[in-house]
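Protein chains: 2
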Amino acid sequence: MGDQETPAATNPKMQVMLGVSHSIQGYPKPSISSRNALNWILTKLVRQSCKKEYKILILHVQVPDQDGFEDMDSVYAAGSDVKTQQRKEEKQGLALLEYFVKQCNEAEVDCEAWLSEGDPKLVICKEAKEKHPDLLVLGSRGLGTIQRIFIGGSSSYCSEHAACPVVIIRRDPDETPYDPMDD
Amino acid sequence: MGDQETPAATNPKMQVMLGVSHSIQGYPKPSISSRNALNWILTKLVRQSCKKEYKILILHVQVPDQDGFEDMDSVYAAGSDVKTQQRKEEKQGLALLEYFVKQCNEAEVDCEAWLSEGDPKLVICKEAKEKHPDLLVLGSRGLGTIQRIFIGGSSSYCSEHAACPVVIIRRDPDETPYDPMDD
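As you go down the protein sequences, you meet chains A and B in turn.
Sequential numbering from 1 applies to the first sequence in the working numbering.
Sequential numbering from 1001 applies to the second sequence in the working numbering.
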């Protein structure tokens, strides 16, 4: 595409929202399903000649009760401990987002990334309503009980309730690691 | 994109399969939801500068028991009547496909179209398995009892069972016609 062509001027960029989660091993490792989802966006949707026509909105939703205070007893935690822990959480969340932002930068695709907090499925739908992307992409690794706390478990809900078209990138069964901790 | 650039050579075209249905009024009028779905593909996915990178695979599944013999009593139908009716059905199905092919031609996007027969949700999944498109797009108009025989009623099933990523283009409630017969 020549630089003189600026389709974005007449035809705004396609905004693709991507919900990402960390691996079962915890931060900052990204989950296989989230990596797959970004990979699908970059290789299938965003083509070599279409890079300038896309913007990827990367969202990671942190679940405080599940992820936030695993190393401490929240009943006895002092206010300052909670704050320190929150900062630690935020830092880890940002480190996760960094992985995905780096992938977009390397692929030369415009992106923005942000953290949010709450029930992933509800927050994703809320953010989708506010940002109204053209497409919401979520990875799915199949719904194990433990995994339901991650985005994977939220994909069906979002598929039904999000205010924009949703595509779920399901993992190939071959990609399921033998040890779930490698997930 | 200059003609000297042929990304398709190194990066094959993105194949987008689209299941289309006719209006409740019958052939050859396309349903609003199918028109919406194609419109989404052309305006959102296939960008002005990305036309050469996409191929749209348009499938219409005919339901013989529901659509095929509405004008005749099948118990008393002679073999030749059935054949004539089948030919009429096929012709109507092709006329429906023609609408969508014309849209793709006007948008200068490569496409192919074909008819199939059976339960739409099962046939769509079967064809998706055979053609393995990169994305399956289906329109949805909400699941009225009568509408379940059309593609709209098949979208949730395909979303769960198709062997490729699926995106459902739901109709804006404002687009629902006051008279269902205009659907």
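Positions of the beta carbon are idealized from the N, C-alpha and C atoms, including for glycine.
Computed from a prediction, not measured in an experiment: that's the story for all the values here.
Kindly indicate if chain A contains any beta-carbon less than 8 Å away from that of W1040 (chain B).
Yes, W1040 (chain B) counts as interfacial toward chain A.
Three or more beta-carbon pairs under 8 Å between the segment 117-131 of chain A and the segment 163-174 of chain A, yes or no?
The segment 117-131 of chain A vs the segment 163-174 of chain A: in contact.
Go through the segment 1052-1119 of chain B residue by residue and report every complete run of the alpha helix (DSSP H) that reaches 4 residues or more, in order.
Runs of the alpha helix (DSSP H) inside the segment 1052-1119 of chain B: 1079-1106.
At the level of alpha carbons, what is the spacing between D1134 (chain B) and S31 (chain A)?
Looking at the two C-alpha atoms, the distance is approximately 22 Å.
Excluding the five sequence neighbours on either side, which residues of its own chain have a C-beta within less than 6 Å of the C-beta of L115 (chain A), listed in chain order?
Only H60 and G93 meet the Cβ criterion.
Hey, could you find the ends of the beta strand (DSSP E) L1136 (chain B) is sitting in?
First-last of the beta strand (DSSP E) with L1136 (chain B): L1135 to S1140.
Mind checking S1080 (chain B): buried by the 16 CB within 10 Å criterion, or exposed?
With fewer than 16 Cβ atoms within 10 Å of its Cβ, S1080 (chain B) is classed as exposed.
How about Q15 (chain A) and L57 (chain A): do their beta carbons lie closer than 8 Å?
Yes, the Cβ-Cβ distance between Q15 (chain A) and L57 (chain A) is below 8 Å.
Considering Cα atoms alone, identify which of B:E1108, B:E1112, B:D1119 and B:R1170 is closest to V1137 (chain B).
Out of B:E1108, B:E1112, B:D1119 and B:R1170, B:R1170 has the C-alpha closest to the C-alpha of V1137 (chain B).
For I32 (chain A), name the three-state secondary structure that DSSP assigns.
I32 (chain A): helix per DSSP, three-state reduction.
Please name the residue in A:D119, A:E112 and A:E98 whose C-alpha comes closest to that of M17 (chain A).
Nearest C-alpha to M17 (chain A): A:E112.
On the CB-based measure, 16 or more other CB atoms within 10 Å of its CB, does Q25 (chain A) come out buried or exposed?
When all chains shown are included, Q25 (chain A) counts as exposed.
List the endpoints of the continuous alpha helix (DSSP H) containing S1159 (chain B).
Run containing S1159 (chain B): S1155 to H1161, per the alpha helix (DSSP H) assignment.
Answer yes or no: does any C-beta atom of chain A fall closer than 8 Å to that of L1097 (chain B)?
L1097 (chain B) does not count as touching chain A.
Short of 7 Å Cβ to Cβ, which residues in the segment 1117-1134 of chain B face chain A?
Those residues of the segment 1117-1134 of chain B that come within reach of chain A (Cβ to Cβ, closer than 7 Å) are D1134.
Cα-Cα, which of A:P12, A:D172 and A:N39 is closest to Y99 (chain A)?
The shortest Cα separation from Y99 (chain A) among A:P12, A:D172 and A:N39 belongs to A:N39.
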